[in-house]
Each structure stands twice: as C-alpha cells, then as structure tokens.
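Worksheet: the structure to be examined is printed underneath.
Numbering (UniProt numbering), first residue to last: 1 to 539.
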C-alpha cells in the first residue's frame, strides 16, 4: 500500500493512487463515499485523465503511532480501542468487508481532544489482502505500549486476561469489556468531584463560631507591656466563690495557678486573633487585643536588646583576650604611656610612635631583603623588633591590624607568576589550544517572537499545539494553531520538524513543509505554525 499526503487549502488528505492491477470493490466504495459511517473517515473518489485517486480527509488528526508515543494513560487507551471497535462493527453493518479496513498504526487517525480513533477503508480486492486477526492486533498494541504507572492499571490487567483467555475473539464481547472499563473510570472520578463541591458549600454556623470565642468581661488596660497569664476559658461547672469584704458582696474568680518561673515571656493561654475580633467586636475584646499586641512587641524588643548586648560583649572579649596581649590604656600607665610586650624585659620598653591619621602617607623604610621575616609576621615582629619600627600600626584602640610585608625600594613587587599555557614565552600573547577553549553548550530551544519566550526542547519528540492534555508546549492564545500542530524530533545531533496534519500548516523559512514528513532544521531557521512565528536556536 502506497499512500501520500496532499494539502489542499486548509485540508490535509491521505491519498491512494489506484494502480492498473487493482480491483475496486464498487459496493464498499459507494458505501464510504455516500455515507457518514461512524468510525470511518469520510472518503472522496476523484479521477484526473487516466489516473484515479481515493482521498481521506485527515485534517487536525494524528496517526495512532504518533499518539501512542511516550506514556499512554487510561483515557487514551480506552478511547482508541473503543473507536477501533466501533469502526469495525459499523463496517459490518454497512456490508463492508472487514479485510478492506486498514489496521495499521500509521493509518489509524486519532483526535487528540476526544481520544477517538477513526479508520480508513480501502476498497481494493487483491489476493494479497487477508482477513486480519483482531485478537493478535490488540494484543500487539498492549505489548508495545508504555502505560502510565502513576494511575491504577486494573484496566490493563482485564484487557490482557480477556485477550489471553478467549480462544475466539468477539467484537461484541470486547466492546462490552471496553464500555465497562469506561464506566468504571467515570464512576471513580465522580465521588472526588462531589467531595470537592461539598467542601466548598459547607460553612461554619454563626452559633458554633460564637461558642468557640470566649466572652471576656471588662478588662482594664495595663500600664506595663509585660503580659500576665489570663485564664480566659472558665469551665462551666466550676463554682463561683462569693466573699464579703467590707460589707459588700464581690464575685471572686477562682485563683490562678501559681507558676514556678516568672511569666515574662509567657503568652496568654488563649489569644484573641484579628479574625475573632472582627467577628465579635466589642470594647472589651478590643482592649484585650491591644494589650496582647503590646505585650508581644515588648517581648520582641527585649529579645533584640539582649542579642545586641551579647554581640557587644562578645566583640569586646575577643579584642581584649584573643590576641595574647592587652591593649594599653594611656591614662593608667606612666607619663610616657608605655606598656609591656610579652617576651621583652621592662627596661626595653620604648615610647610608642604617635598613631598616624589614616589619610596621612606612611614613609616607606629602607629594609634589606634578609630582614623580611620568614615566619608569621605578627609573632616574629613582636619578639625581635622594637616597637618604634614600622612593623604594625594600631589604628584603633579596639582593632589591631596584621603586619604587611614591605618591599624594598627599587625592587618590583612579586604577586606570583602567571602560568603560561602551551609553553608560551613571557610577554607574548598566548593562544589557547583547541582542547582548552570552552565549547558552547548545545541547548536546542525555540524562541517565540510574540513574547520572547524560550521553549526548551527537553524530549526526543516535543509536541506543540493547543490541546493542553496532549502537547508539551501549550499555545493558549492563538486559535490559528491546531490542537496538535507540529512535533520537533531530536535524533542524535540533528533536529527535524513534522507537521501533524495541522489546519493552517507549518512553514520553515516561509516555505510550507508537507504533512507527516520530517524536515531537517538548523540553528537560526524561522518556523511558523499558522501565523505564530518561532526561531529555532541551538545556543
């Protein structure tokens, strides 16, 4: 069988050219051209000069082979099987020989929205065409299909059990099985929708909400922000104690349980939230809410102040205790303001040089290379150098800087040599070799011209269209794009685009490509889906 695709306006046709040796079944041809048979694609018979053609309108449909690429879920499998069974049963009802129906995954076409499969009938009676084995056909599909592992796979088990357990395949019995599985699917999804709708309708009763909020009597505002434990929820069965003081009857609340620790950071047992205050507003509740808010603010301020004091004390202890000597206090020493240095006798203490301002330049001393210490500079300079030499500078009473090495005058500063690649000479420009140059990472993607959106092609077969449940990139704002418009195929280091029988066709560099034919694309090619423009890029 030799078919080819033909584009006429907005329609895409699968065309069969009748050969000289073909014998046409006129009864079947008349049935498919004059009737709309459920499950079979509408057929057109044309003749041009001595050539005769049978055309099938497959616009906006993709082949079953493309539809089953990747993971197949329950809806897709049952929808396709149901369409195939209905088409075969309808063909028998219209007295069409079932052997003339093409059971090839490349020529079974599916609507990606409804998952309904449609078949083509080729009314050619040749000796090579035999009646198909329907049981083996469906079993072969089940074996070579990758099912969705995230959903319940009981439908797969039941279909396999039927195909392996029935010696004779019956279309009627198989249709009953598929219809039963589709009904189970609809029943399983119905309770979830009902539960969601019930949860949205149920609202808390005003009476219940009122009982959940405690009634607080008149509360006097406190003068201090320190919170005190307030017992809000009183048990209904707790007795009220009356006491007579100074001749008057006063209602006394039960005593609050004493706590062993001070209650500075304790929150009240039950707070009045903003929601409760708005639902049951009163002056008493407002006063209590303001009181709790002020207490919380005071608690946070106290924590911040304690943290700040801890940081200050930690820094001071580090300065005074971690460097091996004490920072001198000029007021506590003798008149010269000197102080002792560990490892030096007291008689060698000299008058320290005045601390220079930060903006004044420091004279560079004349030192020999042999005088530069090889050990850590701070320790060696304190042990072997008098204090008045420019070994270190104390810029602040609370900060001591490390000693910087001084390069003798007349010698260049040495910050380390630069490694020369490929054994190049110093002073010359080094040319990087090919293996050291950084190669650009190949990242195939589409650039959508309308909004500069970058669409990364992350799958071997990347689908583009406006059927959200099927495609990998969903075009929601352009009705000129078909539900399954085109696929980008990655095969090794080459990339191809395939138009999947779209209504408004696919163009590469403003040239329309044929349907269901792989067209190679390169970096910088302009791609147009209908009137939606893209640019293919590799980096």
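C-beta: ideal position from N, C-alpha, C; glycine also.
Computed from a predicted model, the values in this text were never measured in an experiment.
I need the DSSP call for residue i, collapsed to helix, strand or coil.
i	result
residue 95	coil
residue 111	strand
residue 100	helix
residue 83	helix
residue 297	helix
residue 491	strand
residue 106	helix
residue 519	strand
residue 464	strand
residue 290	helix
residue 528	strand
residue 480	coil
residue 29	helix
residue 40	strand
residue 172	helix
residue 499	strand
residue 473	strand
residue 436	Residue confidence is low: residue 436 scores 39 on pLDDT, short of 50, so the model does not pin down where it sits. No coordinate-derived value is stated.
residue 184	helix
residue 284	helix
residue 154	helix
residue 451	coil
residue 65	helix
Tell me whether residue i is buried or exposed, calling it buried when 16 or more other Cβ atoms sit within 10 Å of its Cβ.
i	result
residue 4	exposed
residue 51	exposed
residue 16	buried
residue 539	exposed
residue 569	Residue 569 is absent from the structure shown; the chain starts at 1 and stops at 539.
residue 441	exposed
residue 143	exposed
residue 39	buried
residue 494	exposed
residue 291	buried
residue 482	buried
residue 165	exposed
residue 86	buried
residue 281	exposed
residue 542	This structure gives no information on residue 542, because the portion of the chain shown stretches from 1 to 539.
residue 37	buried
residue 83	buried
residue 167	exposed
residue 379	Note that residue 379 scores 43 on pLDDT, short of 50, meaning its location in the model is unreliable and no value can be drawn from it.
residue 301	exposed
residue 530	buried
residue 249	A caution first: residue 249 carries a pLDDT of 48, below 50, which makes its placement in the model too unreliable to give a value.
residue 176	exposed
residue 308	exposed
residue 44	exposed
residue 445	buried
From the DSSP output, read off the bridge partner residues of residue i.
i	result
residue 445	456, 537
residue 146	71
residue 8	11
residue 59	According to DSSP, residue 59 bridges with nothing at all.
residue 508	511, 527
residue 16	3, 54
residue 116	111
residue 45	54
residue 24	124
residue 486	464, 499
Examine chain C for any beta-carbon lying closer than 8 Å to the beta-carbon of residue i, and answer yes or no.
i	result
residue 167	You won't find chain C in this structure, because it holds only one protein chain.
So, under 8 Å CB-CB, residue i and residue j are touching, yes? Tell me the CB distance rounded to an integer number of Å.
i	j	result
residue 70	residue 114	Going by Cβ atoms, the distance from residue 70 to residue 114 rounds to 19 Å, so no, they are not a contact pair.
residue 60	residue 501	6 Å
residue 27	residue 56	Not confirmed; about 18 Å, so no contact.
residue 464	residue 475	7 Å
residue 490	residue 514	Actually they do not touch by this definition, with Cβ atoms about 20 Å apart.
residue 535	residue 480	Actually they do not touch by this definition, with Cβ atoms about 18 Å apart.
residue 130	residue 99	6 Å
residue 31	residue 96	6 Å
residue 123	residue 25	4 Å
residue 94	residue 34	Incorrect: roughly 10 Å between the Cβ atoms, too far for contact.
residue 112	residue 62	6 Å
residue 18	residue 81	31 Å between Cβ atoms; not a contact.
residue 72	residue 150	Not confirmed; about 12 Å, so no contact.
If you measure from the CB of residue i, is any heavy atom of the ligand COA nearer than 7 Å?
i	result
residue 111	Looking at this structure, you won't find the ligand COA or any other ligand, since it has none at all.
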